[in-house]
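Just so you know, we're using our numbering here: the sequence shown kicks off at 2 and counts up by one. Here is the structure we will look at.
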Amino acid sequence: RPSAGQLTVRSHQKGAAMSAAQLAFLPAPAAGGVLPTAGEALGPGRLHSASPASAEAASQQSSATSVAAAAAFSVAAAAAVQRRRRGRVPRHAGGYDVLERSTPGMEVPDEIKDIETAGKDVATPHWSTEPMKEKKGLTLAMLDWKDLHGAACGASGVLFVAEMVRFYLGQKPTDIECYFAAVVYGIIYASRFDGIRGLPAHFRVTFYATTGWSFYYIAHLLAATNPEMCAHWVYPTGIVFVASTIYFYKHWIERMYRHFVEDRFRPYYLPGLMGLMYFHWLDCVDLFNQWVDPTYWQTVPLTLTDQAWTIQDVRLTGLFMSSMALFMITLHNKGVLTGGRNTLLTVLGTIFVPALFLTGTHATLNASFP
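Structural data, given as structure tokens:
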């Protein structure tokens with residue numbers, strides 16, 4: 002018994018075949034390019050008065066009409082088979098049900114399209130072509146600081162300077178400091194989404210991935226500060242972290258490989274990417290350690306007495322490094338600091354220097370990370 006989808010598709014196929022056949026059997030145009038009227042084509046006077054020459058022409062026309070009809074049927078049948086193949090779904094081992102596709106395809110989000118454009122920015126020249134050349138634009142004072150985003154950026158800078166002093170003195174962070182940092186960095190990312198959409202794809206990918214990383218960093222920071230209330234946030238936000246990591250490196254590895262193949266590779270990008278990859282690998286290992294141990298927050302902080310302290314300072318440093326990397330993108334696009342100097346300061350100031358300072362000041366703590 003045919004299904005409703007079969008009846009729908011078969012009716013469409015039948016209609017298409019009949020329409021093609023009807024068109025094929027229409028009389029051929031006259032010499033002047035005009036179809037004869039119904040009386041001329043079917044009237045008895047015209048049929049009885051036909052000459053031998055016209056009879057031969059009619060025979061040729063009839064043969065051509067038959068060929069056209071056969072061709073029309075073939076085209077209609079082929080189209081019906083093609084539609085059937087596209088619309089069939091498995092019913093059981095012995096046959097298929099036919100479904101009509103009426104649902105339009107889902108539109109791919111722009112955030113996913115961005116990673117498909119990895120390395121296709123043909124404006125990037127060879128690395129040896131004026132690698133330190135800078136584009137002139139705005140100055141630092143000309144940036145818009147008088148809004149919520151600017152206030153949050155300024156607060157994060159002051160907070161990180163105070164944290165560097167605290168690291169040097171070997172002091173633990175306070176709960177107020179951690180809660181304040183969570184609010185500040187949350188504002189930084191939440192207030193930047195509208196302004197990031199007009200940037201090139203590789204900058205947007207970096208921003209979206211960094212937002213995902215920071216979402217997990219804030220959750221991990223709060224879990225170490227108040228595990229009874231916030232420890233369970235680590236698991237769902239950890240999924241966001243892993244997805245952001247795949248999203249970021251899928252784009253940037255393909256981008257750098259394409260630049261290498263097309264002789265546009267800039268080798269001074271490589272140390273920064275490798276350093277960032279190393280720290281994200283440590284984050285993933287620590288994340289999986291928490292996932293596989295359901296009693297992590299009940300046992301590890303008690304066994305390693307400085308574990309919560311270390312997690313807090315690692316996350317506070319990571320949040321600042323991530324936000325500063327995005328700030329360096331802003332300086333590049335506004336023309337404040339561009340070219341090789343921007344890259345050098347980004348790699349050193351937002352990756353290696355803070356990480357080495359953090360490691361040196363926390364090396365003697367009773368903690369493990371990961």
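C-beta atoms are modelled at their ideal positions from N, C-alpha and C, and glycine is treated no differently.
Taken through DSSP and simplified to helix, strand or coil, Arg256 comes out as helix. Counting along the chain, Ala152 sits inside the alpha helix (DSSP H) bounded by residues 149-170.
By the criterion of a C-beta distance shorter than 8 Å, Arg193 is surrounded in its chain by His150, Phe208, Leu327, once the five residues flanking it on both sides are discounted. In this structure Gly138 is in contact with Gly336, their Cβ atoms being roughly 1 Å apart against a cut-off of 8 Å.
Thr311 sits close to Phe370, with the two beta carbons spaced by under 8 Å. Here the C-alpha atom of Tyr270 lies approximately 30 Å from the C-alpha atom of Ala163. Going by C-alpha positions, Pro272 is about 15 Å away from Trp282.
With 16 or more other Cβ atoms inside 10 Å of its own Cβ, His260 counts as buried.
Going by DSSP, Asn290 is part of the alpha helix (DSSP H) stretching over 271-293.
Annotation for Asp145: no alpha helix (DSSP H) segment contains it, and DSSP assigns it neither H nor E. In this structure, Met257 and Phe249 do not form a Cβ contact; the two beta carbons are roughly 12 Å apart against a cut-off of 8 Å. Excluding residues up to 5 positions away in sequence, Thr211, Trp214, Ser215 lie with their Cβ nearer than 7 Å to the Cβ of Ser323 in the same chain.
Closest in C-alpha terms to Tyr218, from the list Gly199, His203, Val241, Gly196, comes Val241.
Ranked by Cα distance from Asp148, the options Ala191, Cys179, Gly171, His203 are led by Ala191. The straight-line gap separating the alpha-carbon atoms of Gln299 and Val293 is approximately 14 Å. The residue from Phe181, Leu346, Phe321 with its alpha-carbon nearest to that of Leu332 is Leu346.
Close CB contacts of Thr140 within its chain, under the 8 Å cut and outside five residues either way in sequence, are with Val337 (chain order).
According to the DSSP assignment, Arg205 belongs to the alpha helix (DSSP H) that extends over 202-226. Separation of the CB atoms of Arg316 and Leu222 is rounded to 4 Å, and the pair is thereby assigned contact status at 8 Å. Residue environment analysis places Asp176 among the exposed positions, since fewer than 16 neighbouring C-beta atoms fall within 10 angstroms of its C-beta. Inclusion of Leu305 and Ala225 in the CB contact set at 8 Å is not warranted, their separation being larger than that value. By the neighbour-count definition (other C-beta atoms within 10 Å, threshold 16), His252 is a buried residue. Judged by beta-carbon spacing, Tyr186 lies within the 8 Å limit of Ser157, meaning their Cβ atoms are closer than that value.
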